[in-house]
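A.B. asks: Residue numbers (the numbering used here): 694 to 1053.
Backbone N, C-alpha and C define an ideal beta-carbon position, used for all residues, glycine too.
Just dropping this structure here.
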Amino acid sequence: MSKTILVTGGAGFIGSAVVRHLINDTDHTVVNLDKLTYAGNLESLTSVSDNARYRFEQVDICDAEEVKRVFSLHQPDIIMHLAAESHVDRSIDGPGEFIQTNVVGTYTLLEQARAYWSVLEGEKKDGFKFHHISTDEVYGDLPHPDEVAPGTELPLFTETTPYAPSSPYSASKASSDQLVRSWLRTYKLPTLVTNCSNNYGPFHFPEKLIPLVILNALAGKPLPVYGKGNQIRDWLYVEDHARALVLVALEGEIGETYNIGGHNEKQNIEVVQTICSILDEVKPKESKYAEQITYVQDRPGHDMRYAIDANKIERELGWRPQETFESGIRKTVEWYLNNETWWKAVQDGSYQGERLGTAS
Ligand SMILES: NC(=O)c1ccc[n+]([C@@H]2O[C@H](COP(=O)([O-])OP(=O)(O)OC[C@H]3O[C@@H](n4cnc5c(N)ncnc54)[C@H](O)[C@@H]3O)[C@@H](O)[C@H]2O)c1
């Protein structure tokens, strides 16, 4: 049955992939609630924004009255909560905005969802779900292969790994996850949580590692790599994440947590070198793109390794990523080559172009 799904942060990188997937591949109605910070771009939604099942509300999740108005007007069946401040380096420079949006904003949304849900009746009440979208960074970091004896089996994050966030960003996400779980336990608000590894793909704001490297490479600028570049991330193509999120929102069990990952552990330097080799092939120039790689001082508190055990979502809901890292990164490089209008418009906005590209 067709539902109304309210997506917070639907103009962001992952949120816009969720909105495009819901409009293109399902018959559900989407309400995109987004404040449109520097990271929110309605240009990422031009392919679906004329659809009769799409609505947009420019609202800050910290504004309780506005959130209440949107719930009452659109009567959502499911809330998919992605709105957040998401860039670790920005959280180190200025944590206040992260506490405000990620913690206070999630609290505000939970309270408004509770007030809205508590007066629903019948099937509408029984079917209601609040799906909170989070990150694997809440778990802290894992032993790196360089730190353990050869042959040692390396651990992965599971749904029961204790939280040990390292940055203001991950600490604010960890706080919001715990608020969501406590609203279920205390008020019985039907919530579920997903924790995902690093995403990459089209419409990614060019302050993050992969789009920044692609665009700096094309512009002949240095390709900044933190420390030795040996930090490991588990990369997932954003459209695979969007499919997983919609599956969890529709079919996940209330009270459960699902880890989502790409089975693609890569060192940052490998990611940068792969992008350089694809560009050497599809957009050759006199010198090799890898010559632009520049090592810069490491980020304070930088986590060395993230890796997800995504067995539960596969076993219980039948989800697996469709892209390998090799296929997804090639699609991503080609997308940036073919979509200059999008990234030029995004860069002309508040993006200053000077920040370091980071894996998350
Ligand atoms: N990017 C990743 O690799 C990754 C991995 C795992 C989980 N996540 C989580 O997924 C979610 C989306 O991440 P993303 O990379 O798409 O982020 P993003 O920064 O690209 O987008 C965030 C969106 O939220 C909106 N927003 C910010 N503050 C808001 C507020 N106060 N009210 C309403 N809207 C607001 C922004 O305008 C933007 O559209 C986040 O919760 C993030 O923690 C991201």
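Within the present structure, is the beta-carbon of glutamate 736 separated from the nearest heavy atom of ligand 2 by less than 8 Å?
C.D. replies: Ligands displayed in this structure: ligand 1; ligand 2 is not among them.
A.B. asks: Can you give the Cα-Cα distance for valine 712 and arginine 1008, rounded to whole angstroms?
C.D. replies: Cα to Cα, valine 712 sits roughly 26 Å from arginine 1008.
A.B. asks: Run through the region 737-778 for me and flag every whole beta strand (DSSP E) of 3 or more residues, listed as ranges in chain order.
C.D. replies: Along the length of the region 737-778, whole beta strand (DSSP E) runs at least 3 residues long occupy 747-751, 771-774, reported in chain order.
A.B. asks: Are the beta-carbon atoms belonging to arginine 748 and asparagine 725 less than 9 Å from one another?
C.D. replies: yes
A.B. asks: Just the Cα atoms here: how many angstroms apart are alanine 806 and threonine 967?
C.D. replies: Cα-Cα distance, rounded: 44 Å.
A.B. asks: Name the DSSP bridge partner or partners of tyrosine 893?
C.D. replies: Tyr930
A.B. asks: Taking the alpha-carbon positions, what's the threonine 950 to glycine 1011 distance?
C.D. replies: 15 Å
A.B. asks: Do the CB positions of threonine 794 and glutamate 778 come within less than 9 Å of each other?
C.D. replies: yes
A.B. asks: What are the residues that DSSP puts in a beta bridge with histidine 824?
C.D. replies: Within the DSSP bridge table, the entry for histidine 824 names Met773, Leu885 as partners.
A.B. asks: In whole angstroms, what is the alpha-carbon distance linking isoleucine 962 and threonine 987?
C.D. replies: So the two alpha carbons sit approximately 11 Å from each other.
A.B. asks: Identify which residue in Gly833, Thr845, Ser859 has its Cα closest to the Cα of threonine 853.
C.D. replies: Gly833
A.B. asks: Which residues does DSSP list as the beta-bridge partners of proline 917?
C.D. replies: Thr987
A.B. asks: Beta-carbon within less than 6 Å of alanine 710's beta-carbon, same chain only, minus the 5 sequence neighbours each way: which residues are those?
C.D. replies: Val931, Glu932, Ala935
A.B. asks: Between which two residues does the beta strand (DSSP E) holding aspartate 727 run?
C.D. replies: Its beta strand (DSSP E) spans residues 722-727.
A.B. asks: Taking only three categories from DSSP, how would you classify asparagine 952?
C.D. replies: Asparagine 952: strand per DSSP, three-state reduction.
A.B. asks: Rounded to the nearest angstrom, what separates glycine 1046 and valine 941 at their Cα positions?
C.D. replies: Low confidence applies to glycine 1046: its pLDDT is 39, below 50, so where it sits in the model is not reliable enough to give any reading.
A.B. asks: Please specify which runs of the alpha helix (DSSP H), each continuous and at least 4 residues long, are wholly inside the region 784-868, giving them in chain order.
C.D. replies: Runs of the alpha helix (DSSP H) inside the region 784-868: 799-811, 815-820.
A.B. asks: How would you write the range of the alpha helix (DSSP H) that leucine 905 sits in, first residue to last?
C.D. replies: 902-912
A.B. asks: Which whole-angstrom value describes the C-beta separation of threonine 719 and valine 939, a residue pair presumed to lie in contact below a C-beta threshold of 8 Å?
C.D. replies: The C-beta separation of threonine 719 from valine 939 comes to about 7 Å, placing the pair in contact by the 8 Å criterion.
A.B. asks: Specify, as a first and last residue, the run of the alpha helix (DSSP H) that glutamate 979 falls within.
C.D. replies: Glutamate 979 -> no alpha helix (DSSP H), and no H or E assigned at all.
A.B. asks: Can the beta-carbon of proline 769 be found less than 9 Å from the beta-carbon of leucine 715?
C.D. replies: It is not a contact, given that the beta carbons lie outside the stated cut-off.
A.B. asks: Name the residue from Leu911, Thr1017, Pro836 whose alpha carbon lies nearest to the alpha carbon of proline 848.
C.D. replies: Pro836
A.B. asks: Contact between the region 820-830 and the region 750-763: three or more CB pairs below 8 Å?
C.D. replies: In short, these stretches do not touch, since the Cβ pair count stays below three.
A.B. asks: Thinking valine 781 and serine 860 are a contact (beta carbons under 8 Å), I'd like their distance in whole angstroms, please.
C.D. replies: Your pair valine 781 and serine 860 checks out as a contact, with CB atoms roughly 5 Å apart and the cut at 8 Å.
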